[in-house]
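First up is the structure itself, then whatever we jot down about it.
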Amino acid sequence: MDILKNYNLTKLNTFGVSVFAKLFIELDNESKIKELFLSSEFKNNEKLFLGGGSNILFTKDFNGIVVLNKLKGISIIEENSKNVFIKSMGGEMWNDLVTFVVDHEYWGLENLSSIPGTVGAAPVQNIGAYGVEIKDSLQSIEVYDIETGEKKIFKKEECEFGYRSSVFKNKLKGKYFISSVTFKLNKKQNLNEGYEVLKKYLEDNKIEVKKPKDVSDAIVCIRKSKLPDPLLIGNAGSFFKNIYIDSKKAEEIKLKYQDVPLFEEDQNIKIPAGWLIEKCGWKGKRIGNIGMHDKQALVLVNYGGATGLEIKDFSEKVIASVFSNFGLILEREVNLI
Ligand SMILES: Cc1cc2nc3c(=O)[nH]c(=O)nc-3n(C[C@H](O)[C@H](O)[C@H](O)COP(=O)(O)OP(=O)(O)OC[C@H]3O[C@@H](n4cnc5c(N)ncnc54)[C@H](O)[C@@H]3O)c2cc1C
Numbered sequence: 001m002d003i004l005k006n007y008n009l010t011k012l013n014t015f016g017v018s019v020f021a022k023l024f025i026e027l028d029n030e031s032k033i034k035e036l037f038l039s040s041e042f043k044n045n046e047k048l049f050l051g052g053g054s055n056i057l058f059t060k061d062f063n064g065i066v067v068l069n070k071l072k073g074i075s076i077i078e079e080n081s082k083n084v085f086i087k088s089m090g091g092e093m094w095n096d097l098v099t100f101v102v103d104h105e106y107w108g109l110e111n112l113s114s115i116p117g118t119v120g121a122a123p124v125q126n127i128g129a130y131g132v133e134i135k136d137s138l139q140s141i142e143v144y145d146i147e148t149g150e151k152k153i154f155k156k157e158e159c160e161f162g163y164r165s166s167v168f169k170n171k172l173k174g175k176y177f178i179s180s181v182t183f184k185l186n187k188k189q190n191l192n193e194g195y196e197v198l199k200k201y202l203e204d205n206k207i208e209v210k211k212p213k214d215v216s217d218a219i220v221c222i223r224k225s226k227l228p229d230p231l232l233i234g235n236a237g238s239f240f241k242n243i244y245i246d247s248k249k250a251e252e253i254k255l256k257y258q259d260v261p262l263f264e265e266d267q268n269i270k271i272p273a274g275w276l277i278e279k280c281g282w283k284g285k286r287i288g289n290i291g292m293h294d295k296q297a298l299v300l301v302n303y304g305g306a307t308g309l310e311i312k313d314f315s316e317k318v319i320a321s322v323f324s325n326f327g328l329i330l331e332r333e334v335n336l337i
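Residue numbers (the UniProt record's numbering): 1 to 337.
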């Protein structure tokens, strides 16, 4: 086993924060998992599974072992007249999987185009965009128990998926390594254009959707126009989660701000965190090397050279400001390490 020491993680997190891992290993073969998990280097150290590092903020060096997921392979495992079942190893980049299924004209993942990171990390926070979440097409997940190195399968119902959450982000956090994910996709058109921005884009550009690629291309364009590219400006996408409030709180906010955008979802009312942040004057605001992006108030950016602690401190200022103005507590979507 090739375990490296004092490994630089700067290029392995999209914030571009400069930190080191005490121990580091690239996992590129499933057959090596058990041996690694039973090794003393793994057993006796704090562990962190890393994919694309696009949902992580390192606030200090990692005094343990980082396992970088490099398990590759995408295969069609079963199909019938309506559906196709696709298994992807967890180290595949999410967008490579989306490109594969879109090119094969299978429906289900097209709205999730262009999301950074790996397939193995995607169920951890139940990635979502433009009205679709991974849980909508996920069939099952294969994991390895970090204590025993034994393999186990989680059916979708066991994953406790919610808004940007799953059992792997909550009560089973850090207990399992996700090695592969199996999806159930549609062979027939199953368009989800429910999300207003997508619907408008398709209408404005007179796009008649015939293939998943029509939707995928639209999503790529919309995202490019709004989100900063982490290769150019360090960021981890949305830094905070949207907030769900009750009708009393919604009325209270509406009295003060008639323009508040509120969305009813399954008897809950969603208030966009980006709107709250903007109303508090943070959109486009920069302090030193850190700021909230000028096109998307939810995205916290590192203009270069900021430390993880500085980024965390900045995020606390935003949280305090939203609390003092609205009495609402912003929750971070990004994992703090
Ligand atoms: C520009 C940009 C846009 C984004 N847009 C979206 C979006 O539209 N929707 C959305 O939901 N997210 C979005 N994100 C966030 C991010 O891309 C997703 O959360 C993604 O799934 C993270 O994948 P990763 O491989 O980079 O995970 P990492 O950042 O490497 O890890 C995230 C967490 O998962 C754990 N983990 C990673 N791999 C495994 C594994 N194999 N087994 C167990 N645990 C694991 C890690 O320990 C960590 O806690 C965006 C990020 C960026 C930078």
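A virtual CB, placed ideally from N, CA and C, is assigned to each residue, including glycine.
Review point. Once you ignore the five residues that flank ASN13 on each side, which residues in its own chain have a CB closer than 7 angstroms to its CB?
Key: Within the sequence shown, residue 13 is the residue found at index 13, counting from 1. For ASN13, same chain residues with a beta-carbon under 7 angstroms away, outside a window of 5 residues either side, are GLY53, ILE56 and PHE58 in chain order.
Point to revise | Reference LEU4; option with closest CA among ILE77, SER18 and GLU26 | key: Start at 1 with the first residue of the sequence shown, and residue 4 comes out as number 4. Nearest C-alpha to LEU4: GLU26.
Review point. Sorry if obvious, but does the Cβ on GLU176 come closer than 7 angstroms to a heavy atom of ligand 1?
Key: To locate residue 176, count along the sequence shown from 1; it is residue 176. Strictly speaking, residue 176 in this sequence is Tyr, with Glu absent from that position. Yes, Cβ of TYR176 sits closer than 7 angstroms to a heavy atom of ligand 1.
Review point. Does DSSP put TYR201 in a helix, in a strand, or in coil?
Key: For the purposes of this step, residue 201 is identified with residue 201 of the sequence shown, where counting begins at 1. Residue state, collapsed to three classes: helix.
Review point. Sorry if obvious, but does the Cβ on VAL124 come closer than 7 angstroms to a heavy atom of ligand 1?
Key: The residue you call residue 124 lines up with position 124 of the sequence shown. Yes, the beta carbon of VAL124 sits closer than 7 angstroms to at least one heavy atom of ligand 1.
Check your understanding: Is the Cβ of LEU202 closer than 8 angstroms to any Cβ of chain D?
Key -> Absent from the structure: chain D. Only one protein chain is present.
**Study point:** Run of the beta strand (DSSP E) containing ILE65, from where it starts to where it stops
**Key:** Position 65 of the sequence shown holds residue 65. Where ILE65 is concerned, the enclosing beta strand (DSSP E) stretches over 62 to 69.
Exercise for review: Go ahead and label PHE263 buried or exposed: buried means 16 or more other beta carbons lie within 10 angstroms of its beta carbon, across all protein chains shown.
Suggested key: Locating residue 263 in the sequence shown gives position 263, where the first residue counts as 1. Result: exposed.
**Study point:** Continuous alpha helix (DSSP H) stretch holding LEU97: start and end
**Key:** Within the sequence shown, residue 97 is the residue found at index 97, counting from 1. Here the alpha helix (DSSP H) through LEU97 covers 94 to 103.
Practice item. Compare the Cα-Cα distances from GLY149 to each of LYS43, LEU191 and ILE33 and report the closest residue. Key: Locating residue 149 in the sequence shown gives position 149, where the first residue counts as 1. Selected option, being the one with the closest Cα: ILE33.
Practice item. Name the one or two DSSP bridge partners that PHE314 has. Key: If you number the sequence shown from 1, residue 314 lands on position 314. According to DSSP, PHE314 bridges with nothing at all.
Point to revise | Contacting residues, own chain, Cβ-Cβ under 7 angstroms from ILE74 (five flanking each side not counted) | key: For the purposes of this step, residue 74 is taken as the residue at position 74 of the sequence shown. Cβ within range, chain order: ILE86, SER88, GLU92, LEU97 and PHE100.
Check your understanding: Which one of ASP229, MET292 and GLU35 has the shortest CA to CA distance from ALA114?
Key -> Your numbering for residue 114 matches position 114 in the sequence shown. Looking at the sequence provided, one finds Ser at residue 114 rather than Ala. Per the Cα distances, ASP229.
Exercise for review: Flag this pair as yes or no: are the beta carbons of LEU231 and ALA218 separated by less than 8 angstroms?
Suggested key: In the sequence shown, counting from the first residue as 1, residue 231 sits at position 231. In the sequence shown, counting from the first residue as 1, residue 218 sits at position 218. No, these two residues do not count as a Cβ contact at 8 angstroms.
Practice item. Check the DSSP bridge columns for MET89 and list the partner residues they point to. Key: Your numbering for residue 89 matches position 89 in the sequence shown. Beta-bridge pairing by DSSP links MET89 to SER180.
Point to revise | Bounding residues of the beta strand (DSSP E) (the contiguous stretch that carries ALA236) | key: As a position in the sequence shown, residue 236 is number 236, starting the count at 1. 234 to 238 is the extent of the beta strand (DSSP E) around ALA236.
Point to revise | Endpoints, the alpha helix (DSSP H) within which GLU79 is located | key: Reading the sequence shown from its first residue, position 79 is the one you call residue 79. That residue, GLU79, is in no alpha helix (DSSP H); its beta strand (DSSP E) goes 74 to 79.
Check your understanding: Of the choices PHE20, VAL67, ILE329 and ASP259, whose alpha-carbon is the least far from that of LEU36?
Key -> Locating residue 36 in the sequence shown gives position 36, counting from the first residue. Nearest of PHE20, VAL67, ILE329 and ASP259 to LEU36, Cα basis: VAL67.
Check your understanding: Beta carbon of SER315: closer than 7 angstroms to some heavy atom of ligand 1?
Key -> As a position in the sequence shown, residue 315 is number 315, starting the count at 1. Checking the Cβ of SER315 against ligand 1 gives no.
Check your understanding: Does ligand 1 have a heavy atom nearer than 7 angstroms to the CB of ALA129?
Key -> Position 129 of the sequence shown, counted from the first residue, corresponds to residue 129. For ALA129, the Cβ falls inside the 7 angstroms cut-off from some heavy atom of ligand 1.
Check your understanding: When DSSP labels each residue in this structure, what does VAL322 get in the three-state scheme?
Key -> As a working mapping, residue 322 is identified with position 322 in the sequence shown. DSSP, read as helix, strand or coil, puts VAL322 in helix.
Check your understanding: Within the chosen definition, does the region 165 to 173 reach the region 184 to 200 through at least 3 CB pairs nearer than 8 angstroms?
Key -> Fewer than three beta-carbon pairs drawn from the region 165 to 173 and the region 184 to 200 are found closer than 8 angstroms, and the two stretches are therefore not classed as touching.
Point to revise | Beta-bridge pairing of VAL84 - partner residues as DSSP gives them | key: Indexing the sequence shown from 1 puts residue 84 at position 84. Looking at the DSSP assignment, VAL84 forms a beta bridge with GLU79 and LEU185.
Point to revise | Heavy atom of ligand 1 within 7 angstroms of ALA218 beta-carbon | key: Position 218 of the sequence shown, counted from the start, is the residue given in the question as residue 218. Not so, every heavy atom of ligand 1 lies at least 7 angstroms from the Cβ.
Exercise for review: Can you say whether ALA21 is buried or exposed, counting buried as having 16 or more other CB atoms within 10 angstroms of its CB?
Suggested key: Numbered from 1 along the sequence shown, position 21 holds the residue referred to as residue 21. By the 10 Å Cβ count, ALA21 comes out buried.
Point to revise | Residue range of the alpha helix (DSSP H) that includes LEU255 | key: Walking along the sequence shown from the start, residue 255 turns up at place 255. Where LEU255 is concerned, the enclosing alpha helix (DSSP H) stretches over 247 to 256.
Exercise for review: Let me know if PRO261 comes out buried or exposed under the rule of 16 or more other beta-carbons within 10 Å of its beta-carbon.
Suggested key: Counting from one through the sequence shown, the residue named residue 261 turns up at place 261. PRO261 counts as exposed, since fewer than 16 other beta carbons sit within 10 angstroms of its beta carbon.
Exercise for review: Can you grab the Cα-Cα spacing for the pair GLY117 / ASN95, in whole Å?
Suggested key: Here residue 117 refers to the residue found at position 117 of the sequence shown. Here residue 95 refers to the residue found at position 95 of the sequence shown. So the alpha carbons of these two residues sit roughly 8 angstroms apart.
Point to revise | the region 266 to 284 touching the region 317 to 333, judged by at least three CB pairs closer than 8 angstroms | key: Counting Cβ pairs under 8 angstroms, three or more are found: they touch.
Review point. Should MET292 go down as buried or exposed, given a rule of 16 or more other Cβ atoms within 10 Å for buried?
Key: To locate residue 292, count along the sequence shown from 1; it is residue 292. Taking all protein chains shown into account, MET292 has 16 or more neighbouring C-beta atoms within 10 Å of its C-beta and is therefore buried.
Practice item. Indicate, with yes or no, if ligand 1 has a heavy atom lying under 7 angstroms from the CB of ARG286. Key: In the sequence shown, the residue the question calls residue 286 occupies position 286. It does not: the Cβ of ARG286 is nowhere closer than 7 angstroms to a heavy atom of ligand 1.
Exercise for review: May I ask you to report which of helix, strand or coil DSSP gives ASN111?
Suggested key: For the purposes of this step, residue 111 is identified with residue 111 of the sequence shown, where counting begins at 1. ASN111 falls in the helix class under three-state DSSP.
Review point. In whole angstroms, what separates the C-alpha of LYS312 from that of GLU160?
Key: Here residue 312 is taken as the residue at index 312 of the sequence shown, counted from 1. Here residue 160 is taken as the residue at index 160 of the sequence shown, counted from 1. Those two C-alpha atoms are separated by around 28 angstroms.
Check your understanding: What residue does the beta strand (DSSP E) around ILE271 start on, and which one ends it?
Key -> The count along the sequence shown starts at 1 and reaches residue 271 at position 271. Per DSSP, ILE271 belongs to the beta strand (DSSP E) from 268 to 271.
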